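One structure is given below, encoded as structure tokens.
Residue numbers (the working numbering), protein chains in the order written: chain A, 2 to 607; chain B, 100 to 466.
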């Protein structure tokens, strides 16, 4: 029985095998037929129609060539040029037309001083290009070099001096972090660009406005139909579709105010942000020290780049966008508003400061900056003198959940949405955040120090300015923008009297008899509201904290000085935030910077 | 002396489970391909050596695949297929690429999972059908069509219609070898023709454009039609003997689009003329017929079906590319197998040949 089954299966298998083999024979016939068909087709083209196609190939001298559009200019709000296109000359070589390339390179190196990097880049480019492509050896030639090459040119076949437009930033360092810069298109850029549009373009926005608005600035590429000779050299242009130049961008920035802000910072490293409250327009945006963006346009040299990287003041670091700082006491107006709103305090609530605060049942002392304390203080005095105990108590009463919720309404903990890439969102700590980040519960002591802007909370200067704008605009402001202001949005709803209470308290900081920033009141043409702040850089042991003179510390351990403010007090139109790194105290260092910039803004009519 | 070396060399290959004749033919094709590539890339040695390295890697993969016992991947077939399907899903979710998502970026390497499917689909179909009576009954046929439809659908979603059609074709080729009844073949052909209007309505704009310009290249002489016209000029101007190596003017003057990838055959036709074209077609024919012979000599239907369909696909790619370049088929973006610049396709083709030779080398050890 089993034998018969096996035999049956064997017979079946053999039948299957025969079937498959028959199909293989069909396939062989099909393969041969396909080969014959292809051969016949090529015979038709190459033998039958050869004459016709050979003639067409000979005539084939017309080709399409892309033409790069001119990049749009960047202007300030009064039409002053911030980024322009300058005519320049570059030295190009067509390897195919250059007999003895190595000799030619040597002779050129004598004539115009070619750096090893330029040489390396040329050789790299050469590997990637075809022999009849022109390859740039040196860009941005100066007049003398152009003249020298003009004289020697007839000895140097295949070498040409070619005019082109190059990006130039006339104000250099002043606007480097806002405008960014353009640089040569690299492989990473190609991934995100439309290759058709960039066929003739050499540079693309890498950072800043140049990057964010690349699509507007670039324009649309044009086309030329050109006639070439048999070697591919262009003989004449037959037809041309002009490229569409990029759009000129008028930013909201005021060059004058920007200049004033940089001058006010002087030798300090830091950031200044000035915004119009109603529209969110950015009037000044400074990260100091800056760097010269022009260096990057032609490819920065290794020496220059290392110098920038190793500079302790970190000129390449964009502080207003990515700098994370403890807000320190500049958080107090927001905490005060939250306290008023939630009914934990009124304008008249008084707290006694004896110089320190203790959580019930804990021994740790949270200190005031004035060792002996401030005595009985109400909100106005607490704000003016920056009394920590008042805010320790308030924060403790409100609890972290309430505080986080209120601060989130002002945009803390998330990016403002400015039209620049790479904005940091800072940190707004919550119970959930702490659990997720450290795997630990929230401790009451952490609430206490959050009340004076210390601990986990991190803000950027831009966030701080934006939050202050929301405060000064009584809950209404628009996200900061350099181009095309966004719609103002109502962020927070608070009772009218609460706003006024906080504004008055902030006025007392500058104009009150004991305000921390009273020294700058004389300089100001209008009354303003403000708040000073000091962010710890170096955690000194608790009890020593206030006894050390900050000036005794080495500079890089000194505290950051902060100031936020709005002006004019009665009818706020502009806000400012200032961060001076390692400046020491906010009152002594940041407030004068802010006062100077605000005065200028008022002079300029904002 | 030379014959002696050749003899030694060819006696070295069978223990490695490689077929000497087929290996020699493949090497000849790749060698000639690199030569044409050198010309088509304007004598860019960096590109040529990179391609050489990829082909070398492909040969290592081929050798490796030939060593794996067929029993093993017959067992693994469903899992390999599942893996390939999952990778296609991953491409849709996390893939990279401009316009269409085709690539999976694994940090070290990037590859196109649709290439893996070109091996996995025939594998799973062959494993399935080898255990069933042939020709496949309705149930088996339905199952096979579902197995074909799933990956093809995923690839078309990328969207990559060209590769989708090719993967579908590899499945159908295998069904054909498995003895699919002629009646059914006619029926399916009829169904495809009936479905054309539906497909047309679902094509992307650029795909419709390609078909239209194929039907009438002169309608868009500066856009899509440009490629076909210029390619035909390149081919036709080559004549009987061609313009000589590196003397192609069409690619040199930038008239040919992508002369080193999809249109490399027109460079070859221009430089080596009709004689060169016939020689290369004969080379492809010899590879195909030799490999088909190896396939049909396998010990069981699993080997025959798998090998046969892999070889047919190799041939099919060549036909589609060569026909496209001469204007017989629309521009579908299929590279010329083992000659066009590009790594993934060459490696998967050589892996396929490794399978074919490995299966053949085990034909004698009947169970």
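Ideal Cβ positions, reconstructed from N, Cα and C, are used throughout, including at glycine.
These figures come from a predicted structure and were not determined experimentally.
**Request:** Let me know if residue 367(A) comes out buried or exposed under the rule of 16 or more other beta-carbons within 10 Å of its beta-carbon.
**Result:** buried
**Item:** chain B within 8 Å of residue 18(A), Cβ atoms only
**Value:** yes
**Request:** Could you tell me how far apart the beta carbons of residue 180(A) and residue 209(A) are, in whole angstroms, since I believe they sit closer than 8 Å?
**Result:** Contact flag correct, Cβ pair sits at about 5 Å.
**Item:** Whole alpha helix (DSSP H) elements within the region 17-68 of chain A, 4-residue minimum
**Value:** 51-60
**Request:** Check each candidate in 450(A), 267(A), 416(A) and name the one with the smallest Cα separation from residue 329(A).
**Result:** 450(A)
**Request:** Report the partner residues of residue 367(A) according to the DSSP bridge assignment.
**Result:** 358(A)
**Item:** Closer than 8 Å at the beta carbon, the chain B residues around residue 25(A)
**Value:** 276, 391, 394, 395, 403, 407
**Prompt:** Mind pulling the chain E residues with CB within less than 7 Å of residue 332(B)?
**Reply:** Absent here is chain E; the protein component of the structure consists of chains A and B.
**Item:** Interface residues of the region 210-234 of chain B facing chain A [CB-CB below 8 Å]
**Value:** 232, 233, 234
**Item:** Nearest residue (CA-CA) to residue 414(A), options 488(A), 486(A), 38(A), 326(A)
**Value:** 326(A)
**Prompt:** Would you say residue 13(A) faces chain B, with C-beta separation under 8 Å as the test?
**Reply:** yes
**Prompt:** beta strand (DSSP E) containing residue 289(A): first to last residue?
**Reply:** 283-289
**For residue 302(B), three-class secondary structure by DSSP** = coil
**Asked** What does residue 42(A) reach in chain B if we use C-beta pairs closer than 7 Å?
**Response** 425, 427, listed in chain order.
**Beta-carbon neighbours of residue 400(B), restricted to chain A and to distances below 7 Å** = 17, 18, 21
**Message:** Need the endpoints of the beta strand (DSSP E) that residue 94(A) sits in, please.
**Reply:** That run of the beta strand (DSSP E) goes 82-94.
**Element boundaries [beta strand (DSSP E), containing residue 141(B)]** = Run containing residue 141(B): none; DSSP gives neither H nor E here.
**Request:** Tell me, please, whether the region 247-265 of chain A touches the region 283-294 of chain A by the rule of three or more beta-carbon pairs shorter than 8 Å.
**Result:** yes
**Message:** Distance check for residue 359(B) and residue 183(A), CA to CA, integer angstroms please.
**Reply:** 32 Å
**Beta carbon proximity, residue 299(A) to chain B, threshold 8 Å** = no
**Message:** Give me the chain A residues within the contact set of residue 377(B), using Cβ-Cβ distance strictly less than 7 Å, ordered along the chain.
**Reply:** 40
**Asked** What separation, rounded to the nearest whole angstrom, lies between the Cα atoms of residue 588(A) and residue 565(A)?
**Response** 11 Å
**Item:** Where residue 211(B) sits in the DSSP three-state scheme
**Value:** coil
**Asked** CB-CB under 7 Å to residue 122(B), same chain, minus the five flanking residues each way: which ones, in chain order?
**Response** By the criterion of a C-beta distance shorter than 7 Å, residue 122(B) is surrounded in its chain by 112, once the five residues flanking it on both sides are discounted.
**Asked** Would you say residue 177(A) and residue 291(A) are within 8 Å of each other, going by their C-beta atoms?
**Response** yes
**Request:** Using the Cα positions of residue 361(A) and residue 383(A), report the straight-line distance between them to the nearest angstrom.
**Result:** 22 Å
**Prompt:** Does any CB atom of chain A fall closer than 8 Å to the CB of residue 373(B)?
**Reply:** yes
**Asked** Closer than 9 Å, Cβ to any Cβ of chain A: which residues of the region 426-446 of chain B, in chain order?
**Response** 426, 427
**Prompt:** Along chain A, which residues have their Cβ under 9 Å away from the Cβ of residue 326(B)?
**Reply:** The contacting residues do not exist; residue 326(B) stays about 13 Å from chain A at best.
**Prompt:** Counting only runs that start and end within the region 497-529 of chain A, where is the beta strand (DSSP E) found for 3 or more residues in a row?
**Reply:** none
**Asked** Can you find a C-beta in chain B that's less than 8 Å from the C-beta of residue 201(A)?
**Response** no
**Message:** Does any residue of chain B have a CB that is nearer than 8 Å to the CB of residue 46(A)?
**Reply:** yes
**Prompt:** Taking buried to mean at least 16 other C-beta atoms within 10 Å of its own C-beta, is residue 1(A) buried or exposed?
**Reply:** No answer is possible for residue 1(A): the residues shown for chain A start at 2 and end at 607.
**residue 422(A) versus residue 308(A): straight-line alpha-carbon distance, rounded** = 25 Å
**Message:** According to DSSP, simplified to helix, strand and coil, what is residue 442(A)?
**Reply:** coil
**Asked** How is residue 344(B) classed by DSSP in three states: helix, strand or coil?
**Response** coil
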